[in-house]
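This report concerns only the one structure given below.
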Amino acid sequence: MAYESASPERRAYYDKLTPLSTAPLWEVLGTIVPREPTSKAESHLWRYDALRPLLLEAGSLLTAREAERRVLVLENPAYVGQSRTTSTLYAGLQLILPGETAPAHRHTPSALRFMIEGEQGFTQVGGERTTMREGDFVITPPWAWHDHGNEGDGPVIWMDGLDIPILQYFESVFSDPYGEEQHPLSRPEGDSLARYGQGLLPMDASSPYGMASPIFNYPYDRTREALVRSAQGAEPDPHLATTLRYSNPIDGGWAMPAMATWMTHLTRGQSTLPMRSTDSQVMHVVEGRGTVTVGEQTFTFGPKDVVALPSWQRRCLVASEDCFLFFFSDRAVHEKLGFYREQRFSA
Ligand code: 1HN
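Start counting the sequence shown at 12; every next residue gets the next number (my numbering).
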C-alpha cells in the first residue's frame, strides 16, 4: 500500500497516524509540490470523421428534448467517466436535428459553442437570439438562461466548451431548469453585436453579462478576415503564428471569465517553434490540415478534428494547408490567480 519503501519503524509509526486522519508530509512532498507541473491528462486527437456518424446515430436513438442536451463528451483517456477533456476543461459535440429544441436552463459553469456544421442553428442567451453559422464563436455566460434550436433542414453540430471541472473542483456547480422550452426574448437579434461589437460602446457601458463579454456571437467571417489581414500585414510570431484572441470590449480582457479563447492562422508550409505553458488547451480545427506535436506525440489533423493539449507539454504546429485553429484554455483563471507561466524554445 502507501509508504511501501519506508522502514518498518516508520511504517509502524504511520499506522498510528492513519486512524487519526493524519499523514506524514515528507512522504508526499515531492509529489504534491513537484519541480514542474505533471499533468495527469493525456494529449489526444478526436477525429471528426469517426465521431460524426456516431453523433448522428444518437439522433435516431433519442430526441434533443429527451436528452436535454444531446452531446458526445470528448473524454480524456486519463479521465474515463469524469467528463473531462483536459484536467480542467470539458468539451463535447452537440447535435440538434431540424425542428428540434434543447430546453431552456441555466448553470454556473460558463459555456462556449464553436459552430461546426449547419447555418440555421440558433441559441437564445439571456433574452437575445443569435443564428449560429459555421466558425462562429458563441458565449453562454454563467447563470444566463439559454436554449437552442434548429430551423434548417439539415443537422446542426457544434463543439461545446465548459469550465465544469474547475467549478467541480470548487464544489460550486448549480443548475436551474427554466421549466419551459424557451426563455422569452427581450432584445432583437443582432443587438449585442451592434451595441458592443463595432469598436463603439454605450456611454455607460457595463456588461449585462457580468464578467463575460457583452458580445455573445463573434461571427467567423469577421474573425477570418482579421486573421488573413493580420498575416498579410506583419511577420508572424515564431511561436504563435498569427493569433488573435477574442476580447471583451468593455475591459479588453478575455471574452469569458474562466476560459481564454483565441484563433490561430498559419499559411501553407508555415510552422511554429515549440513552447509550453501552464494552461491546458483544447484545439478545434476550423479549416486546414497539418500536424500538432504535443510532448512526445505528433498528431496529423484535418478539418473539424479536436485535440487536447495538457498543461506544460511542449507543443508546436506545422501547416500542410492554410489553417484556422480555434483554441480554448483555462489561461484566464491562471492569469487572474497569478500562476500563469510559459516557456518559449528556439528549436
Ligand atoms: C449544457 O448546458 C450545454 O446548454 C451543453 O448546450 C453541454 C455539458 C455539461 C453540462 C451542461 C448546453 C453541457 C451543458
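The beta carbon of each residue, even a glycine, is placed where N, CA and C say it ideally should be. From a predicted model like this one, the values you see are computed outputs, not experimental measurements.
Among the options, which has the Cα closest to the Cα of residue i?
| i | options | result |
| --- | --- | --- |
| L108 | I168, P176, Y220, L251 | I168 |
| S250 | L85, F185, R287, K347 | Reading off the sequence, residue 250 comes out as His, not Ser. Nearest of L85, F185, R287, K347 to H250, Cα basis: R287. |
| A52 | S340, M274, R240, L320 | L320 |
| R300 | S291, S282, Q308 | S282 |
| R58 | V297, R352, G349 | V297 |
| D262 | A78, A216, E38, R240 | A216 |
| T278 | A358, L328, T119, E15 | L328 |
| A115 | H157, P88, D202, G137 | H157 |
| A358 | F335, D341, R326 | R326 |
| E182 | T119, A330, T151 | T119 |
| S417 | R256, A245, V239, Q179 | No statement about residue 417 is possible, as the shown extent of the chain runs from 12 to 358 and does not include it. |
| L66 | E77, L238, V82, A75 | V82 |
| T304 | Q105, Y24, H55 | H55 |
Below 8 Å on the Cβ atoms is my contact criterion, and I expect residue i with residue j to pass it. Report the Cβ-Cβ distance as a whole number of Å.
| i | j | result |
| --- | --- | --- |
| R144 | M126 | 6 Å |
| M270 | D174 | 5 Å |
| L196 | Q135 | 6 Å |
| Y207 | I177 | Going by Cβ atoms, the distance from Y207 to I177 rounds to 26 Å, so no, they are not a contact pair. |
Is the closest heavy atom of ligand 3 to the C-beta of residue i under 7 Å?
| i | result |
| --- | --- |
| H116 | Ligand 3 is not among the ligands present in this structure, which contains only ligand 1. |
Kindly identify the DSSP beta-bridge partner or partners of residue i.
| i | result |
| --- | --- |
| D8 | Outside the shown range of the chain, which is 12 to 358, sits residue 8, and nothing can be said about it. |
| M214 | None; M214 has no bridge partner. |
| L277 | C334 |
| T142 | F133 |
Please tell me whether, using a cut-off of 7 Å, the distance from the CB of residue i to the nearest non-hydrogen atom of ligand 1 is below it.
| i | result |
| --- | --- |
| L31 | no |
| H159 | yes |
| R80 | yes |
| L277 | no |
| I175 | yes |
| D164 | no |
| G103 | yes |
| D147 | no |
| D202 | no |
| A113 | yes |
| A122 | yes |
| D187 | no |
| D333 | no |
| D215 | no |
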